[in-house]
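For reference, the structure is listed below as structure tokens.
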Amino acid sequence: MAEPLQQLVLTTLDVQGSIPDTRTLVLPGQTLPAASNDDQIAILGALNSLLSREMITYETREVISHVLTPEGAQIANEGSHEARVWSVLPEKGKGTPVSPVQLKKFVGDETAKVGQGRAFKNGWIGKDGDGLVKLVAEISDATKNDMQEIASTGTLKTGEKILADLRKRKLIVQRKIQWFTVNKGSNFSTSTVKPETDLTVDMLTSGTWKTSTFKKYNFEAEGIPTNGGALHPLLKVREEIRDIFLEMGFAEMPTSSFVESGFWCFDALFVPQQHPAREMQDTFYLSDPQRALPPQPEYYKKVSTVHEHGGFGSTGYRAPWSHEESSKLLLRTHTTASSAHMLYKLAAKCRGEVIEGDEQELTHGAKDTTNLDGKGDDGFRPAKLFSIDRVFRNEAMDATHLAEFHQVEGVVADRGLTLADLIGFMRVFFKKMGIENVRFKPAYNPYTEPSLEIFAFHPMLNKWVEVGNSGMFRPEMLEPMGFPKDVHVHGWGLSLERPTMIRYGINNIRTLVGHKVSIDHIENSAAVMF
1 MAEPLQQLVL TTLDVQGSIP DTRTLVLPGQ TLPAASNDDQ IAILGALNSL
51 LSREMITYET REVISHVLTP EGAQIANEGS HEARVWSVLP EKGKGTPVSP
101 VQLKKFVGDE TAKVGQGRAF KNGWIGKDGD GLVKLVAEIS DATKNDMQEI
151 ASTGTLKTGE KILADLRKRK LIVQRKIQWF TVNKGSNFST STVKPETDLT
201 VDMLTSGTWK TSTFKKYNFE AEGIPTNGGA LHPLLKVREE IRDIFLEMGF
251 AEMPTSSFVE SGFWCFDALF VPQQHPAREM QDTFYLSDPQ RALPPQPEYY
301 KKVSTVHEHG GFGSTGYRAP WSHEESSKLL LRTHTTASSA HMLYKLAAKC
351 RGEVIEGDEQ ELTHGAKDTT NLDGKGDDGF RPAKLFSIDR VFRNEAMDAT
401 HLAEFHQVEG VVADRGLTLA DLIGFMRVFF KKMGIENVRF KPAYNPYTEP
451 SLEIFAFHPM LNKWVEVGNS GMFRPEMLEP MGFPKDVHVH GWGLSLERPT
501 MIRYGINNIR TLVGHKVSID HIENSAAVMF
């Protein structure tokens with residue numbers, strides 16, 4: 001339809017020189033002029049296509065018109081309600097008056113109801129006893145005449161007042177009719193062959209580009225607005241938690257080792273080799289390579305001994321030690337494996353070894369301390385460390401669990417630390433996150449004793465929710481590394497996904513991370529966490 005319409009416009013312009021009113025066009029396949037709005041919309045599409053090639057110019061015209069409703073069309077054909085009521089009544093004194101019940105039978109309920117009142121108002125009819133009669137011999141049905149005039153012209157010569165009354169009576173509706181005045185453009189032609197939009201290799205090879213007509217570039221057209229980058233809600237919350245740690249004087253631990261050995265992920269933390277978390281259904285083990293390089297022999301010996309036989313005040317687990325279990329490579333199940341690495345480096349000088357670069361950076365500015373017997377510097381430096389990174393667990397995914405998620409971890413190492421210090425620190429830390437009401441519940445962890453689960457009251461959920469786990473690292477973990485007996489270490493961890501879901505009102509973790517993430521939600525998420 002588009003190309004025949006374009007050809008019709010061009011041919012008409014070629015013959016007439018201009019088209020004053022597109023409503024006079026007879027469209028292909030039709031016999032009547034294009035008077036309807038639908039016809040004009042079709043013509044507009046053809047005009048815009050020709051305008052883009054500068055073949056024509058056009059101006060939009062508008063006129064307000066009226067069309068009859070079904071009731072108005074009935075009045076135009078059969079007369080108004082009041083005229084039909086008048087027509088079935090006898091003249092006064094020349095017949096039997098018509099009762100209201102009879103009138104409904106003659107003209108119908110609706111016509112009797114509407115027409116009776118208007119006929120009385122016009123003085124056409126009156127009462128005679130219990131019935132109705134004509135009071136005048138002839139009438140002029142102005143409403144019928146108005147409907148017929150509107151049907152043919154779309155308006156009334158008598159003016160807007162009567163039109164408003166007819167609209168109020170729902171006999172007519174107002175419509176805006178759009179049409180166009182068309183003239184020739186600078187590239188006018190009767191041919192509708194579309195110009196080329198691209199210069200192709202075939203054109204260059206064949207030479208047809210020399211005779212081809214190319215579409216003009218519109219350098220003033222507005223491009224699609226570009227979208228700037230947006231941080232994922234997890235990254236926003238991560239940065240806010242990171243700022244809290246840095247504000248409190250913590251140093252960030254390197255946590256780039258996603259792959260760890262069973263020794264650093266479990267054994268060094270005094271997790272028994274028979275612990276359920278080390279089973280295949282809870283941990284991702286590597287198939288190639290399968291084994292890790294051995295750790296420092298002396299430290300490895302101390303760890304295996306305290307597991308198998310005890311030591312440092314502990315009876316150990318009294319279970320056979322497996323070198324094969326210790327050397328397995330796996331995807332780390334917690335960032336505490338990285339904490340174990342850093343604590344081992346932190347204890348290097350206590351063991352009389354050269355301090356490595358990481359330990360120097362993490363304890364920069366920390367003062368030398370002396371052990372309790374006053375024998376001088378034993379090499380220990382207090383440290384406050386944190387990390388926020390990914391961990392992996394082999395578990396079924398659902399609305400609240402993923403096989404890959406983030407763990408927020410903090411470690412404080414100093415002399416004489418107590419459980420009260422840990423609780424006090426936790427209260428300060430969570431208050432900075434905007435969580436005022438915090439409770440602690442005793443718990444069990446293989447590498448901390450005592451251990452505490454941390455609960456916070458969430459006003460949006462109106463209940464207490466678990467927000468973290470904490471404790472004091474066991475001597476069986478710290479002393480084999482070389483720490484003095486009076487050095488205690490606080491450790492705690494929490495999920496990054498859980499506070500993010502609470503903050504943004506997300507109840508399914510798969511809409512926070514994964515293929516169901518909404519790009520609009522990422523772009524529009526607020527930066528403030530709590």
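Under full-length UniProt numbering, think of the first position of the sequence shown as 1, with each following residue one higher.
Even for Gly, the Cβ is constructed at its ideal location relative to N, Cα and C.
What is the rounded straight-line gap between the Cα of residue i and the Cα of residue j?
i: C265; j: T336; result: 7 Å
i: A403; j: E523; result: 26 Å
i: N371; j: E479; result: Confidence in N371 is poor, its pLDDT being 44 and thus under 50, which makes the residue's placement unreliable; the coordinate value appears in the next sentence. So the two alpha carbons sit approximately 14 Å from each other.
i: F188; j: L68; result: 41 Å
i: P484; j: V411; result: 17 Å
i: L171; j: P233; result: 58 Å
i: P475; j: G493; result: 19 Å
i: R498; j: K384; result: 24 Å
i: S495; j: V408; result: 6 Å
i: D230; j: F312; result: Sequence inspection shows Ala at residue 230; the Asp mentioned does not correspond to that position. So the alpha carbons of these two residues sit roughly 51 Å apart.
i: G471; j: K432; result: 20 Å
i: G72; j: M147; result: 6 Å
i: K215; j: D202; result: 18 Å
i: L331; j: S256; result: 12 Å
i: H406; j: V391; result: 6 Å
i: E466; j: L293; result: 38 Å
i: G352; j: D414; result: 18 Å
i: residue 532; j: G379; result: Shown here, the chain extends from 1 to 530; a query on residue 532 therefore has no answer.
i: L286; j: E325; result: 13 Å
i: F473; j: H401; result: 27 Å
i: G207; j: L199; result: 11 Å
i: E436; j: S338; result: 30 Å
i: H521; j: G228; result: 14 Å
i: V513; j: Q178; result: 51 Å
Within 10 Å of its beta-carbon, does residue i have 16 or more other beta-carbons around it, so buried, or fewer, so exposed?
i: M280; result: exposed
i: H323; result: exposed
i: I41; result: exposed
i: E138; result: exposed
i: H309; result: exposed
i: F270; result: buried
i: R318; result: exposed
i: G115; result: buried
i: T190; result: exposed
i: H490; result: buried
i: G376; result: Low local confidence applies: a pLDDT of 47 at G376 is under 50, so the model's placement there is unreliable, with the coordinate-based value given in what follows. Label assigned to G376: exposed.
i: R175; result: exposed
Which one or two residues does DSSP pair with residue i in a beta bridge?
i: M472; result: H490
i: N445; result: T448
i: S314; result: G311
i: L329; result: S261
i: K384; result: V412
i: Y217; result: According to DSSP, Y217 bridges with nothing at all.
i: G126; result: V133
i: D389; result: Q407
i: F457; result: W464
i: R291; result: K328
i: E298; result: None, per the DSSP bridge assignment.
i: residue 548; result: For the chain, the structure presents residues 1 to 530; residue 548 sits outside this window and is missing.
i: F440; result: I454
i: I19; result: V182
Hey, could you find the ends of the beta strand (DSSP E) residue i is sitting in?
i: V411; result: E404 to R415
i: residue 537; result: Limits of the chain in this structure are 1 at one end and 530 at the other, which puts residue 537 out of reach.
i: S52; result: Premise fails: S52 lies in the alpha helix (DSSP H), N37 to S52, not in any beta strand (DSSP E).
i: K184; result: I172 to K184
i: E395; result: No beta strand (DSSP E) holds E395; DSSP gives it neither H nor E.
i: I64; result: I56 to L68
If you measure from the beta carbon of residue i to each beta carbon in chain B, is any gap under 8 Å?
i: R167; result: The question asks about chain B, but that chain is absent: this structure has only one protein chain.
On the premise that residue j lies in contact with residue i, defined as a C-beta separation below 8 Å, what is that separation, rounded to the nearest angstrom?
i: residue 531; j: V182; result: Given a span of 1 to 530 for the chain in the structure shown, any question on residue 531 remains unanswerable.
i: A112; j: V136; result: In fact, because the Cβ distance is near 19 Å, the residues do not count as touching under 8 Å.
i: H307; j: D267; result: 7 Å
i: S65; j: G159; result: Not really, about 15 Å apart at Cβ, beyond 8 Å.
i: K184; j: L13; result: 6 Å
i: E82; j: R118; result: 4 Å
i: I454; j: V438; result: 6 Å
Which two residues bound the contiguous alpha helix (DSSP H) that contains residue i?
i: L346; result: T336 to L346
i: M147; result: A142 to T153
i: T11; result: A2 to Q16
i: F250; result: Where F250 is concerned, there is no enclosing alpha helix (DSSP H), given that its DSSP letter is neither H nor E.
i: D202; result: V201 to S206
i: G424; result: L419 to K432
i: I522; result: I519 to N524
i: K168; result: E160 to K168
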